[in-house]
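Worksheet: one structure, shown below.
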Amino acid sequence: MKLSIIISTYNDMSHGYIQQICKEITRIPETEIIVVDGGSKDKTVDCAKQYGAKVLIIPNSTRGKRLHVGAEHSNGRMLFFHHPRTIIPREAIEYLVLKVNELSWGGFTHQFDFPSFLANWTSWYSNEIRIKKRGIVYLDHGIFVQTPLYRRSGGFPDFPIFEDTVLSTQLRKLESPTLLPQKSVVSSIRFKKNGWSYQVILNQLMKLGYSLGLSPKTLYKMYERGLWLN
496 MKLSIIISTY
506 NDMSHGYIQQ
516 ICKEITRIPE
526 TEIIVVDGGS
536 KDKTVDCAKQ
546 YGAKVLIIPN
556 STRGKRLHVG
566 AEHSNGRMLF
576 FHHPRTIIPR
586 EAIEYLVLKV
596 NELSWGGFTH
606 QFDFPSFLAN
616 WTSWYSNEIR
626 IKKRGIVYLD
636 HGIFVQTPLY
646 RRSGGFPDFP
656 IFEDTVLSTQ
666 LRKLESPTLL
676 PQKSVVSSIR
686 FKKNGWSYQV
696 ILNQLMKLGY
706 SLGLSPKTLY
716 KMYERGLWLN
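Mapping the sequence shown onto the numbering used here, position 96 (from 1) lands on 591, and the numbers just tick up by one.
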């Protein structure tokens, strides 16, 4: 098995992405799909099973926990952690399979599904500053990593938020990330519901709180208030 695609879900059917994601990535040779669900009350699990995914259910779990458990149950030489509200073209996944022995770790190029000045700026910052300069890859880019390297890093922590930052911080000590040109088309649902300016400011406040040592649980409650997408 070359590539294990791991998706953490929680009531994602209603957001309209999980079915499209499964259609895009199903039946790619040398891959497996592992969906780790937090106890969804909708049809998320049924959808995943319909497309042949291996489904693990861990009620009341954090996203970090689900992603790590998915990795522990994987068989691939490379792991690919797929965000449940981003669309990554089938060709991009096939590229990972093709280059499985050449790529170390990294992500795809961030692009929102709703273009605007703030959306484009956010994507530019994510690609050019966060990844290329700081070596931090967020989950909405999609995170690929060689399985032995993931294990050496310690893997995802049991965090509800910033688990991708912790993983990246450990991985960048071992290898520099690669930003691939293929697009990860990211849902702008948070920005549409909260307003673009509010969400941009909230994102920066979350990063500030994390750098000051606020607990991930506290930050998660602030970030998800009224949405509960993760």
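Backbone N, C-alpha and C define an ideal beta-carbon position, used for all residues, glycine too.
May I ask you to report which of helix, strand or coil DSSP gives residue i?
{"i": "THR581", "result": "strand"}
{"i": "THR557", "result": "coil"}
{"i": "LYS627", "result": "coil"}
{"i": "GLY601", "result": "strand"}
{"i": "LEU669", "result": "coil"}
Please state whether the Cβ-Cβ distance between residue i and residue j is less than 7 angstroms.
{"i": "SER499", "j": "GLY533", "result": "no"}
{"i": "PRO652", "j": "GLY565", "result": "no"}
{"i": "LEU634", "j": "HIS578", "result": "yes"}
{"i": "ARG580", "j": "TYR512", "result": "yes"}
{"i": "GLY657", "j": "TYR693", "result": "In the sequence as presented, Gly is not what sits at residue 657; that position holds Phe. Their beta carbons are not under 7 angstroms apart, which means PHE657 does not touch TYR693 by this criterion."}
{"i": "THR636", "j": "PHE603", "result": "Reading off the sequence shown, one finds His at residue 636, where the question assumed Thr. Their beta carbons are under 7 angstroms apart, which means HIS636 touches PHE603 by this criterion."}
{"i": "SER503", "j": "VAL540", "result": "no"}
{"i": "ASP608", "j": "SER683", "result": "yes"}
{"i": "GLN606", "j": "LYS678", "result": "yes"}
{"i": "ILE631", "j": "PHE576", "result": "no"}
Assuming residue i is part of the beta strand (DSSP E), what are its boundary residues?
{"i": "VAL595", "result": "From DSSP, VAL595 is part of no beta strand (DSSP E); its letter is neither H nor E."}
{"i": "VAL640", "result": "638-641"}
{"i": "ASP653", "result": "Premise fails: ASP653 is in no beta strand (DSSP E) and is neither H nor E."}
{"i": "PRO676", "result": "673-681"}
{"i": "LYS497", "result": "Taken as a continuous stretch (DSSP letters only), LYS497 belongs to no beta strand (DSSP E), as it is neither H nor E."}
{"i": "GLU527", "result": "526-532"}
Please check the pair residue i and residue j, which I expect to be a contact at CB under 8 angstroms, by giving their CB distance rounded to whole angstroms.
{"i": "ILE520", "j": "ILE624", "result": "ILE520 to ILE624, Cβ: 29 angstroms. No contact."}
{"i": "GLY571", "j": "THR673", "result": "Rounded, the Cβ-Cβ distance is 18 angstroms, inconsistent with contact."}
{"i": "ASN725", "j": "TYR505", "result": "6 angstroms"}
{"i": "LYS497", "j": "ILE529", "result": "14 angstroms between Cβ atoms; not a contact."}
{"i": "PRO655", "j": "TYR590", "result": "Their Cβ separation, rounded to whole angstroms, is 31 angstroms, which puts PRO655 and TYR590 out of contact at 8 angstroms."}
{"i": "VAL592", "j": "THR660", "result": "Not quite, the Cβ-Cβ distance comes to about 27 angstroms (not below 8 angstroms), so this is no contact."}
{"i": "TRP723", "j": "SER611", "result": "Contact flag wrong, Cβ pair sits at about 25 angstroms."}
Ends of the alpha helix (DSSP H) at residue i?
{"i": "THR521", "result": "Where THR521 is concerned, there is no enclosing alpha helix (DSSP H), given that its DSSP letter is neither H nor E."}
{"i": "ILE696", "result": "691-706"}
{"i": "PRO711", "result": "711-719"}
{"i": "LYS544", "result": "539-545"}
{"i": "ARG663", "result": "A small correction: the amino acid at residue 663 is Ser; Arg does not occupy that position in the sequence shown. Unbroken alpha helix (DSSP H) run through SER663: 658-666."}
{"i": "LEU613", "result": "612-619"}
If you draw a straight line from the alpha carbon of residue i to that of residue j, how long is it in whole angstroms?
{"i": "SER621", "j": "PHE639", "result": "16 angstroms"}
{"i": "GLN515", "j": "VAL680", "result": "12 angstroms"}
{"i": "PRO711", "j": "ARG561", "result": "16 angstroms"}
{"i": "THR642", "j": "GLY649", "result": "11 angstroms"}
{"i": "GLY721", "j": "VAL695", "result": "16 angstroms"}
{"i": "MET573", "j": "THR617", "result": "28 angstroms"}
{"i": "ILE553", "j": "SER509", "result": "20 angstroms"}
{"i": "TYR645", "j": "GLU597", "result": "15 angstroms"}
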